[in-house]
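Quick note on numbering: the sequence shown equals residues -22 to -1, 1 to 117 in mature numbering (1 follows the signal peptide of the UniProt record, and there is no 0).
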Amino acid sequence: MNKKIQSALALLLLAASTNLWAHGDVVPQAVNTDGLEPLGEQWLDENPYRDNPRAIEIGSSAYNQNCAACHGLEAKSGGIAPDLRLLELGAMGDEWYKERVINGAVRDGRVYMPKMADFLSQEALWAVRTYLESVHVEE
């Protein structure tokens, strides 16, 4: 095989393999929030479930079903997306988290994170935040 064909095949394989490393289409999975206080439609500014053991349990399951594919198992990022164990604790971290789950992340027209609030309830997403605070680490 000549060098031009080899180079073309190598480029073709490289282009095809990028789908393996991309976030891809992740279908959000439903989260059972039984046992958590209902919060209503209006988003709260701060996490109402902070340190709630039931919320940590629900949040861990919800995280592993809906977030781990990009953010890593047990919130330990493998480099694809931010390490969520490093999120600031308390109200300041809540503010960033809320903005991100409601608005997602888009850069240069590419969706890096979907608007998770379009798929999961406020209760489920605050439970995820509670779980993330339970595995928080300092840099």
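Beta carbons are placed, not taken as given, at the ideal position from N, Cα and C, and that holds for glycine.
Given this structure, state the Cα-to-Cα distance separating Pro92 from Val5, to the nearest angstrom. On the sequence shown, residue 92 is found 114 positions in, with the first residue counted as 1. On the sequence shown, residue 5 is found 27 positions in, with the first residue counted as 1. In a straight line, the C-alpha of Pro92 is about 10 Å away from that of Val5.
In terms of residue numbering, what span does the alpha helix (DSSP H) encompassing Val106 cover? Along the sequence shown, read from residue 1 onward, the residue named residue 106 stands at position 128. In the DSSP assignment, Val106 falls within the unbroken alpha helix (DSSP H) covering Gln100 to Ser112.
Could you compute how far the alpha carbon of Ala(-1) sits from the alpha carbon of Asn44? As a working mapping, residue -1 is identified with position 22 in the sequence shown. As a working mapping, residue 44 is identified with position 66 in the sequence shown. Bear in mind that a pLDDT of 40 at Ala(-1), under 50, signals an unreliable position, so the model cannot answer this.
Three-state secondary structure assigned by DSSP to Val79: Taking the first residue of the sequence shown as 1, we reach residue 79 at position 101. Val79 sits in a helix when the DSSP states are folded into three classes.
Could you check what DSSP says for Tyr27 in three-state terms: helix, strand or coil? Walking along the sequence shown from the start, residue 27 turns up at place 49. Tyr27 falls in the coil class under three-state DSSP.
Considering only their Cβ atoms, is the gap separating Asp61 from Arg107 smaller than 8 Å? Locating residue 107 in the sequence shown gives position 129, where the first residue counts as 1. Locating residue 61 in the sequence shown gives position 83, where the first residue counts as 1. Contact flag unset, no.
Can you confirm whether the segment 13 to 24 touches the segment 98 to 106 when touching is taken to mean that 3 or more C-beta pairs between the two stretches lie within less than 8 Å? Segments in contact, yes.
Counterpart residues of Val89 in DSSP-defined beta bridges: As a working note, residue 89 is residue 111 in the sequence shown. BP columns for Val89 point to Val84.
Judging by CA-CA distance, which residue of Trp21, Gln7 and Val9 is the nearest neighbour of Arg78? Residue mapping note: residue 78 aligns to position 100 of the sequence shown, counting from 1. Shortest Cα-Cα distance from Arg78 to any of Trp21, Gln7 and Val9 involves Trp21.
If you check the beta carbons only, do Ala46 and Val113 fall under 8 Å apart? Reading the sequence shown from its first residue, position 68 is the one you call residue 46. Reading the sequence shown from its first residue, position 135 is the one you call residue 113. At the C-beta level, Ala46 and Val113 stay beyond 8 Å of one another.
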